[in-house]
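A short write-up of the structure that comes next.
Here it is in structure tokens:
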């Protein structure tokens with residue numbers, strides 16, 4: 002049975018390059034450690050996918066929407082056009098070393114650099130010329146993805162908590178206090194105090210509010226509460 006658009010789905014997954022079997026990404030800590038891809042600063046937990054949001058690669062999201070059921074294991078092949086795109090030769094360009102230095106860019110082979118708003122990788126430096134590839138590093142690759150739908154979120158308060166948690170991964174879900182008043186069409190969010198001085202907090206509030214209106218339902222007001230209690 003298809004999973005409708007705007008559904009909140011939690012998945013565990015492994016994404017590998019088909020040809021080499023190299024692990025590209027996973028939500029599962031044991032898998033990352035086994036493959037020597039473990040990142041100590043990363044939080045390993047199910048990933049929130051909002052169907053239709055287009056935050057994950059197209060081939061995976063389409064399969065979730067059209068074919069997935071909770072607590073079933075899937076293994077799918079994802080071609081380049083539904084992953085990171087085909088390689089485009091026109092995105093491999095040559096710059097003079099002098100031009101890059103004038104732009105305050107110091108190139109090194111293998112280094113990721115930004116030029117005129119584009120991100121590229123330095124492939125070669127020779128004779129005062131620099132070869133830069135602006136294709137995505139995984140462009141042209143076919144992938145094998147193993148995944149499982151761990152849970153489909155139904156509770157509105159839980160959905161809101163996950164919207165916040167995916168931006169503050171190290172803050173546990175239970176630290177966000179969310180009260181939903183369906184009659185008044187209000188959602189009140191009490192934020193944990195450790196976020197009050199976060200430099201991006203106002204932007205996060207605006208983005209989460211927009212996502213609530215877009216993906217969750219007919220709510221008219223989102224209220225954020227910052228509570229300062231006197232210490233005894």
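Residue numbers (this note's numbering): 2 to 233.
Backbone N, C-alpha and C fix where the C-beta goes; we use that ideal spot for every residue, glycine too.
Residue j and residue i - do their beta-carbons sit closer together than 8 angstroms?
| i | j | result |
| --- | --- | --- |
| residue 79 | residue 58 | yes |
| residue 60 | residue 83 | yes |
| residue 152 | residue 11 | yes |
| residue 130 | residue 97 | yes |
| residue 116 | residue 124 | no |
| residue 149 | residue 199 | no |
| residue 108 | residue 126 | yes |
| residue 120 | residue 111 | no |
| residue 92 | residue 55 | no |
| residue 48 | residue 163 | no |
| residue 165 | residue 226 | no |
| residue 7 | residue 216 | yes |
| residue 213 | residue 187 | no |
| residue 9 | residue 202 | no |
| residue 14 | residue 147 | yes |
Could you tell me which residues DSSP puts in a beta bridge with residue i?
| i | result |
| --- | --- |
| residue 76 | 147 |
| residue 15 | 27, 147 |
| residue 94 | 133 |
| residue 182 | 187 |
| residue 125 | 132 |
| residue 152 | 11 |
| residue 65 | Residue 65 pairs with nothing; no bridge assigned. |
| residue 71 | 150 |
| residue 119 | 116 |
| residue 225 | 190 |
| residue 102 | Residue 102 pairs with nothing; no bridge assigned. |
| residue 50 | 10 |
Would you grab the beta carbon distance between residue i and residue j for me? Rounded to a whole angstrom, and I think it's under 8 angstroms.
| i | j | result |
| --- | --- | --- |
| residue 145 | residue 76 | 7 angstroms |
| residue 28 | residue 45 | 6 angstroms |
| residue 65 | residue 4 | 6 angstroms |
| residue 169 | residue 139 | That pair is no contact at about 27 angstroms. |
Can you find a CB in chain C that lies within less than 8 angstroms of the CB of residue i?
| i | result |
| --- | --- |
| residue 177 | The question asks about chain C, but that chain is absent: this structure has only one protein chain. |
Subject >> Residue ranges of each beta strand (DSSP E) within the stretch 185-213, 3 or longer >> reply: 187-191
Subject >> Contact between the stretch 171-190 and the stretch 204-221 (3+ Cβ pairs under 8 angstroms) >> reply: yes
Original post:
Quick check: the stretch 163-178 against the stretch 192-211, are there 3 or more CB pairs under 8 angstroms?
Top reply: yes
**OP:** Say whether the stretch 15-34 touches the stretch 154-162, bearing in mind that this needs 3 or more beta-carbon pairs closer than 8 angstroms, one atom from each stretch.
**Re:** no
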